[in-house]
Amino acid sequence: MKYLLVLAVVFVALWLWRKGRRDDMRERAAAARTQAPPKVTAPSEMARCVHCGLHLPLADAITDRSGVYCSAAHRQAAAR
Ligand SMILES: [Zn+2]
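Letter by letter, the sequence shown follows residues 36 to 115 in my numbering.
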């Protein structure tokens with residue numbers, strides 16, 4: 036009789052644990068569904084460094100009258 040009670044307690048504990056996991060997984064799935072899809076931005080315009088030929092986003096490039104450079108060092112090197 037004692038073992039039956041222990042077994043019943045173990046089953047109830049297992050049931051509660053599995054129920055908790057199931058609820059947790061359900062909440063995660065619902066949260067993933069409600070999240071907005073990742074924003075797709077327009078592609079950025081690329082430029083080529085006149086000195087070394089590296090392609091980089093135009094926003095990160097250093098633009099000069101003589102051309103587009105990847106860094107200030109390359110702009111100076113091209114000026115020499
Ligand atoms: Zn460069």
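Beta carbons are placed, not taken as given, at the ideal position from N, Cα and C, and that holds for glycine.
Do residue i and residue j have their C-beta atoms within less than 8 Å of each other?
{"i": "residue 33", "j": "residue 96", "result": "The question about residue 33 has no answer here: the residues shown for the chain are numbered 36 through 115."}
{"i": "residue 79", "j": "residue 93", "result": "yes"}
When we look at the beta-carbon of residue i and count the other beta-carbons within 10 Å, is it buried (16 or more) or exposed?
{"i": "residue 100", "result": "exposed"}
{"i": "residue 82", "result": "buried"}
{"i": "residue 17", "result": "There is no way to answer for residue 17, as the model of the chain reaches only from 36 to 115."}
{"i": "residue 87", "result": "exposed"}
{"i": "residue 110", "result": "buried"}
Taking 7 Å as the cut-off, is the beta-carbon of residue i closer than that to any non-hydrogen atom of ligand 1?
{"i": "residue 86", "result": "yes"}
{"i": "residue 79", "result": "no"}
{"i": "residue 90", "result": "no"}
{"i": "residue 106", "result": "yes"}
Looking at the strands, I want to know which residues DSSP matches up with residue i.
{"i": "residue 81", "result": "92"}
{"i": "residue 98", "result": "103"}
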